[in-house]
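Everything below concerns the one structure shown next.
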Amino acid sequence: MQPWLQYPILILVGFIAAFLNTVGGGGSLFSVPILTFMGLPITVANATSRVALVSQNLFAVGGFKSKGIALPWPYSLYLGMASLGGGLLGSYLASSITDAVFNKIFVGVMLLAVGLIIYDPFKSKGEERLTRKSQWIGSILFFFIGMYGGFIQAGVGFLVIAVLSIVNNLSLVKSNYVKVFAAIVYTSVSVIVFAFQGKIMWKEGLILAIGHGLGGWYASRWSVKAGEQWIKRIMIVTLLAMAVKLWYS
């Protein structure tokens, strides 16, 4: 593929991936494969995509804030710090542990998430739960989510939404806001780790980051206006697509 054609494709794919990641998850189904199609080894593509994710989450936070959505504070900071430790560990594991068997197991998790969305949607039922106990539980779970995000990344958004919806009773819109805020922390750590390992192709990563930034900004503002029903529909489609992708990978 000619270089002049690669760049607009990367930006377009980045926009789509960021939209899916911000609204629910599964954007890596697009960004990582396109990088491998352009000749990057899968481990390098996995590392390079993290540069774009940092851009996506920074712009998404700005988009949610511009719509007046309140970020639970300082709970969001606790979650970010917990995911940082997990992200650091997961990033190191990514360079030495295969995820082939885990992919098959994760298919079951994806299908379970679809069932939860259809039969008992992640919707707010009463007041938010931000007691000390629920914050501790959420922080512990976010450590493991950060570890998974640092290791593989694909599908981590669904796990974040599940924790924030079930443990803290946050709405989908607010869950997405907290998700992108916390992701800034562990994705930034992943970028540092992968950079030291020499696994990031910076030119491709920064070009992809343009699309991710635009997609994150647009999706965050769109999700506030569209509401939970559209978010759930997109989550179902991307969850099923990810289950198929992981099963055959």
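Just so we're on the same page, my numbering is the position in the sequence shown counted from 1, plus 85. All C-beta atoms, glycine included, are put in the ideal place defined by N, C-alpha and C.
| Check | Outcome |
| --- | --- |
| Cβ contact (3+ pairs, closer than 8 angstroms) linking the stretch 297-306 and the stretch 101-110 | yes |
| Enclosing alpha helix (DSSP H) for residue 253 [first to last residue] | Taken as a continuous stretch (DSSP letters only), residue 253 belongs to no alpha helix (DSSP H), as it is neither H nor E. |
| Selection from 243, 231, 252, 263 that minimises the alpha carbon distance to residue 157 | 263 |
| Given 8 angstroms, three or more beta-carbon pairs between the stretch 276-289 and the stretch 124-139 | yes |
| 8 angstroms Cβ shell around residue 172 - same chain, five flanking residues per side excluded | 231, 232, 234, 235, 270, 271, 272, 274, 275 |
| Local Cβ density within 10 Å of residue 98, reported as buried at 16 or more and exposed below that | buried |
| DSSP-derived helix/strand/coil call for residue 155 | coil |
| C-alpha gap between residue 178 and residue 134, whole angstroms | 17 angstroms |
| Integer-rounded CB distance, given that residue 246 should sit under 8 angstroms from residue 109 | 7 angstroms |
| Start-to-end residues for the alpha helix (DSSP H) that takes in residue 220 | 217-236 |
| Cβ-Cβ distance between residue 227 and residue 268 below 8 angstroms | no |
| Residue 281 versus residue 252 - alpha carbon distance | 36 angstroms |
| Cβ neighbour criterion (16 or more within 10 Å) applied to residue 90 | exposed |
| Own chain partners of residue 93 with C-beta closer than 6 angstroms, once the 5 adjacent residues on each side are dropped | none |
| Cβ neighbour criterion (16 or more within 10 Å) applied to residue 140 | buried |
| For residue 206, three-class secondary structure by DSSP | Because the pLDDT at residue 206 is just 49, under 50, the model does not fix this residue reliably, and the value given afterwards should be weighed accordingly. In this structure, residue 206 counts as coil in the three-state DSSP scheme. |
| Distance, residue 142 Cα to residue 132 Cα | 16 angstroms |
| Sub-8 angstroms separation of residue 305 and residue 145 beta-carbons | yes |
| Span separating the alpha-carbon of residue 112 from that of residue 225 | 25 angstroms |
| Residue 258 versus residue 249 - alpha carbon distance | 11 angstroms |
| When 151, 130, 138, 217 are compared against residue 28, the one with the closest alpha-carbon | The structure shown does not extend to residue 28, since the chain is modelled only from 86 through 334, so no value can be given for it. |
| Residue 113 Cβ short of 7 angstroms to the ligand COA heavy atom set | With respect to the ligand COA, the structure shown offers nothing to examine, as it has no ligands at all. |
| Spatial neighbours of residue 241 in its chain, beta-carbon cut-off 8 angstroms, leaving aside the 5 residues before and after | 110, 230, 233, 234, 268 |
| Nearest residue (CA-CA) to residue 148, options 329, 310, 318, 321 | 310 |
| Short Cβ contact (8 angstroms threshold) for residue 117 with residue 294 | no |
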